[in-house]
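Peer 1: A single structure is presented below for examination.
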Amino acid sequence: MATFYPADPQSKLRSTYGRTALAQIFDYFPYANGSTTSMSTSAISSDAYRYDWVWGSGNDDGIARPQAWRGANTAALVTRYYITEEDNIHVSGHNLQYWQSNHPDWILYACKSDGTPTHDIAYTPGDTFPDVPLNMHNPQVVQYQIQDLLAYAQANGYNAIALDQVVFKNIMAGGNPELGQTVQPGEYGCGVWNNDGSFTTVYANPKVDNSQWIADLLNWVQQAKQAANAVGIAVAVNHPPGNINDPNEQALLRSVDITLDESGFSDYGNYQNAPGVFMSTYNYMEYVQRLGDAIGLIDRWPNDGTTVQSQHVEYSIATYLMANEGNADLYVDGNNTVGYGYGSEEYFSQYSAQLGAPCDAMYGGSSYDPNNPYLYYRRFESGMVLVNAGNSSQTATLPSDHTYTDINYRPVSNPQTVAPFDAYVLTTTGNGCQ
Numbered sequence: 001m002a003t004f005y006p007a008d009p010q011s012k013l014r015s016t017y018g019r020t021a022l023a024q025i026f027d028y029f030p031y032a033n034g035s036t037t038s039m040s041t042s043a044i045s046s047d048a049y050r051y052d053w054v055w056g057s058g059n060d061d062g063i064a065r066p067q068a069w070r071g072a073n074t075a076a077l078v079t080r081y082y083i084t085e086e087d088n089i090h091v092s093g094h095n096l097q098y099w100q101s102n103h104p105d106w107i108l109y110a111c112k113s114d115g116t117p118t119h120d121i122a123y124t125p126g127d128t129f130p131d132v133p134l135n136m137h138n139p140q141v142v143q144y145q146i147q148d149l150l151a152y153a154q155a156n157g158y159n160a161i162a163l164d165q166v167v168f169k170n171i172m173a174g175g176n177p178e179l180g181q182t183v184q185p186g187e188y189g190c191g192v193w194n195n196d197g198s199f200t201t202v203y204a205n206p207k208v209d210n211s212q213w214i215a216d217l218l219n220w221v222q223q224a225k226q227a228a229n230a231v232g233i234a235v236a237v238n239h240p241p242g243n244i245n246d247p248n249e250q251a252l253l254r255s256v257d258i259t260l261d262e263s264g265f266s267d268y269g270n271y272q273n274a275p276g277v278f279m280s281t282y283n284y285m286e287y288v289q290r291l292g293d294a295i296g297l298i299d300r301w302p303n304d305g306t307t308v309q310s311q312h313v314e315y316s317i318a319t320y321l322m323a324n325e326g327n328a329d330l331y332v333d334g335n336n337t338v339g340y341g342y343g344s345e346e347y348f349s350q351y352s353a354q355l356g357a358p359c360d361a362m363y364g365g366s367s368y369d370p371n372n373p374y375l376y377y378r379r380f381e382s383g384m385v386l387v388n389a390g391n392s393s394q395t396a397t398l399p400s401d402h403t404y405t406d407i408n409y410r411p412v413s414n415p416q417t418v419a420p421f422d423a424y425v426l427t428t429t430g431n432g433c434q
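The opening residue of the sequence shown carries number 1 in this note's numbering; numbering runs sequentially from there.
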């Protein structure tokens with residue numbers, strides 16, 4: 001009898017063990033040109049069963065998408081999008097004039113590269129939102145933001161929050177274009193103007209020191225998780241994977257329920273230029289899931305325009321399956337353009353392949369087969385996955401008593417040559433663990 005590989009401790013995500021489990025990245029995504037990409041409530045109601053969680057379900061246009069998701073899939077985690085260092089205007093209803101009149105000393109301003117304070121309001125590059133940045137070093141600010149966000153989430157059908165830009169570096173710039181200012185190169189989010197006209201520097205130049213920023217960010221997330229979990233709300237963060245031996249990385253992962261890796265195994269389509277991405281992503285996924293956290297992977301293939309090729313879908317599924325221990329989800333797309341990518345449903349028929357539970361952990365590499373050092377295997381109840389994570393062809397030896405079918409219907413032989421940076425997801429009849 002087969003002995004299946006044990007799943008990791010259960011996270012707040014429903015178990016993804018033994019399946020290609022999916023996340024939806026945004027269902028409403030605005031562009032700077034005024035266009036949007038979005039899912040209708042009818043599409044959500046029809047397809048919600050496919051997804052375990054939604055990063056950033058949008059209701060800013062008045063459409064009740066969160067309720068549609070949860071009405072059609074009671075197990076789904078549906079998140080409200082938020083950036084920790086900003087006051088989300090759709091959540092609070094507060095614009096710049098409100099903050100200037102009520103709490104001008106909460107607004108975060110920029111400094112020049114030499115630390116000289118300015119009256120340029122800080123901003124997060126790339127977000128295109130008219131949200132006022134606040135000083136998250138101030139305990140009153142943090143308390144206000146978290147209470148406001150959780151109240152909004154509960155009132156609007158969300159059971160999770162999605163915190164974006166959770167990075168261990170102060171990325172804020174100066175001269176906020178969304179609030180009518182001109183971007184000033186070299187400026188960074190720095191401090192606050194007090195009511196008496198003095199300036200308090202909170203953050204040093206991020207090229208020199210990010211220690212205060214990291215401490216404040218960790219405090220924000222830790223307080224959010226404590227308050228959110230107490231009312232049945234999960235906390236997800238968009239955080240680039242870091243060194244799992246870093247105490248800050250460990251502290252963050254202990255303070256969240258889900259982490260989103262926006263680069264995934266594809267490294268934004270650059271995986272062939274960074275062969276170490278496969279093992280580093282694999283090890284990070286394993287570490288996160290052992291903590292009882294969930295992890296979402298985004299594999300984007302921008303080098304191919306808006307069309308994701310079938311072999312790339314297969315590579316994404318194969319690499320994901322190598323490290324899915326029951327707490328991982330996948331999202332695959334191409335470039336984010338109007339009508340495609342973030343905000344739209346990107347579903348591929350290959351996701352439906354049934355491999356069942358894994359028989360064991362991933363194996364392979366140079367210690368397993370010195371002649372094929374980049375080749376990795378994982379056996380499943382009804383199939384096998386092969387990944388070549390290197391820049392030369394590798395030769396895989398398959399069990400001789402099974403017949404395998406590739407999910408893209410490519411020919412399968414034994415031994416099987418696997419091209420550089422290629423992967424096979426193979427199904428089989430009978431017991432794949434024997």
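Beta carbons: idealized from backbone N, C-alpha and C, even for Gly.
Small disclaimer: the values here were computed from a predicted structure and weren't measured.
List the endpoints of the continuous beta strand (DSSP E) containing G106.
Peer 2: Checking the sequence shown, residue 106 turns out to be Trp, not Gly. Looking at the DSSP string, W106 is not in any beta strand (DSSP E), and its letter there is neither H nor E.
Peer 1: Alpha carbon to alpha carbon, how far is Q97 from F265? Give it in angstroms, no decimals.
Peer 2: Cα-Cα distance, rounded: 44 Å.
Peer 1: Could you tell me the alpha carbon to alpha carbon distance between D52 and N372, rounded to whole angstroms?
Peer 2: Cα-Cα distance, rounded: 36 Å.
Peer 1: Taking A162 and Y31 to be in contact with their CB atoms under 8 Å, please state how far apart those CB atoms are, rounded to whole angstroms.
Peer 2: That belief does not hold up - the Cβ atoms of A162 and Y31 are roughly 19 Å apart, past 8 Å.
Peer 1: From A68 to D209, what does the alpha carbon distance come to, in whole angstroms?
Peer 2: C-alpha separation (whole angstroms): 44 Å.
Peer 1: How would you label Q147, buried or exposed, when you count the other beta carbons within 10 angstroms and need 16 or more for buried?
Peer 2: Exposed: under 16 other Cβ atoms inside 10 Å.
Peer 1: Roughly how many angstroms lie between the CA atoms of M1 and Q434, to the nearest whole one?
Peer 2: Legend: pLDDT at M1 = 48, less than 50; position of this residue unreliable, value from coordinates given subsequently. Taking the straight line from one Cα to the other gives about 8 Å.
Peer 1: So does the region 223-240 actually touch the region 139-157, counting three or more Cβ pairs closer than 8 Å?
Peer 2: Segments in contact, yes.
Peer 1: Keeping to the same chain, check which residues put their C-beta closer than 7 Å to that of V183; ignore five residues upstream and five downstream.
Peer 2: Excluding positions up to five away in sequence, the list reads A173, G175 and P177.
Peer 1: Where do the N-terminal and C-terminal ends of the alpha helix (DSSP H) with P66 fall, by residue?
Peer 2: Per DSSP, P66 belongs to the alpha helix (DSSP H) from R65 to A72.
Peer 1: Taking DSSP as the reference, what is the three-state secondary structure of T182?
Peer 2: Residue state, collapsed to three classes: coil.
Peer 1: Tell me whether the beta-carbon of D329 lies closer than 9 Å to the beta-carbon of A294.
Peer 2: Closer than 9 Å, so yes.
Peer 1: Could you check how far apart the C-beta atoms of R65 and L22 are, in whole angstroms? I think they sit under 8 Å.
Peer 2: 17 Å between Cβ atoms; not a contact.
Peer 1: Using the Cα positions of K112 and Q289, report the straight-line distance between them to the nearest angstrom.
Peer 2: If I take the Cα positions, the gap works out to 41 Å.
Peer 1: With DSSP as the reference, identify every bridge partner of C433, one or two as the case may be.
Peer 2: According to DSSP, which records beta bridges pairwise, C433 is partnered with nothing at all.
Peer 1: Determine the direct distance from the alpha carbon of Y282 to that of D267, and round the result to whole angstroms.
Peer 2: So the two alpha carbons sit approximately 13 Å from each other.
Peer 1: Between W99 and the rest of its own chain, which residues show a CB-CB distance below 6 Å, the 5 nearest in sequence each way excluded?
Peer 2: So the list reads I107 and V132, once near-sequence residues are dropped.
Peer 1: What did DSSP end up calling I317 once you bin it into helix, strand or coil?
Peer 2: Helix, per DSSP.
Peer 1: Do Y188 and A251 have their beta-carbon atoms positioned less than 9 Å apart in this structure?
Peer 2: No, Cβ-Cβ distance for A251 and Y188 is not below 9 Å.
Peer 1: Between which residues of its own chain and G186 is the CB-CB distance below 6 Å, once the five residues before and five after are set aside?
Peer 2: Cβ neighbours of G186 beyond the five flanking positions: S113.
Peer 1: For C359 and E325, which I take to be in contact (beta-carbon distance under 8 Å), what is that distance rounded to the nearest angstrom?
Peer 2: With a Cβ gap of about 13 Å, C359 and E325 do not count as contacting.
Peer 1: Could you tell me if Y376 is buried or exposed, where buried requires 16 or more neighbouring beta carbons within 10 angstroms of its beta carbon?
Peer 2: Its Cβ being crowded by 16 or more others within 10 Å, Y376 is buried.
Peer 1: Can you check the region 156-224 for any beta strand (DSSP E) of at least 3 residues that lies completely inside it and give the ranges in chain order?
Peer 2: Complete beta strand (DSSP E) runs here, min 3: 160-164, 188-193 and 199-201.
Peer 1: In its own chain, which residues sit with a C-beta less than 8 Å from the C-beta of D369, not counting the 5 before and 5 after it?
Peer 2: Same-chain partners within the cutoff: L375.
Peer 1: Beta-carbon within less than 6 Å of T20's beta-carbon, same chain only, minus the 5 sequence neighbours each way: which residues are those?
Peer 2: So the list reads I317 and Y351, once near-sequence residues are dropped.
Peer 1: Would you call the region 9-18 in contact with the region 37-45, where contact means no fewer than 3 C-beta pairs closer than 8 Å?
Peer 2: Short answer: they don't touch.
Peer 1: Looking at G334: is its Cβ nearer than 9 Å to the Cβ of M384?
Peer 2: No, the pair does not count as a contact, with Cβ atoms beyond the cut-off.
Peer 1: Just verifying my parser: in three-state terms, what is the DSSP assignment at M1?
Peer 2: Because M1 carries a pLDDT of 48, less than 50, the predicted location of this residue cannot be relied on, and the following value inherits that uncertainty. Reduced to three states, the DSSP call for M1 is coil.
Peer 1: When the Cα atoms are used, what is the spatial distance from D8 to Y271?
Peer 2: Spanning the two alpha carbons is a distance of roughly 27 Å.
Peer 1: N388 lies in the beta strand (DSSP E); which residues open and close that run?
Peer 2: Unbroken beta strand (DSSP E) run through N388: G383 to N388.
Peer 1: Please classify M442 as buried or exposed, where buried requires at least 16 neighbouring CB atoms within 10 angstroms.
Peer 2: Absent from the model: residue 442. The displayed extent of the chain is 1 to 434, so no value can be given.
Peer 1: Would you mind working out which of G18, N88 and M362 sits nearest F129, comparing C-alpha positions?
Peer 2: It is N88.
Peer 1: With Q394 as the anchor, note down where its beta strand (DSSP E) starts and where it stops.
Peer 2: Start and end: Q394 to A396.
Peer 1: Under the three-state reduction of DSSP, which class applies to Q309: helix, strand or coil?
Peer 2: Coil at Q309, not helix or strand.
Peer 1: Out of R80, Y404 and V54, point me to the one whose CA is closest to L297's CA.
Peer 2: Nearest of R80, Y404 and V54 to L297, Cα basis: V54.
Peer 1: Since V54 sits in a beta bridge, which residues does DSSP pair it with?
Peer 2: For V54, which the question treats as bridged, DSSP gives the partners Q24 and V78.
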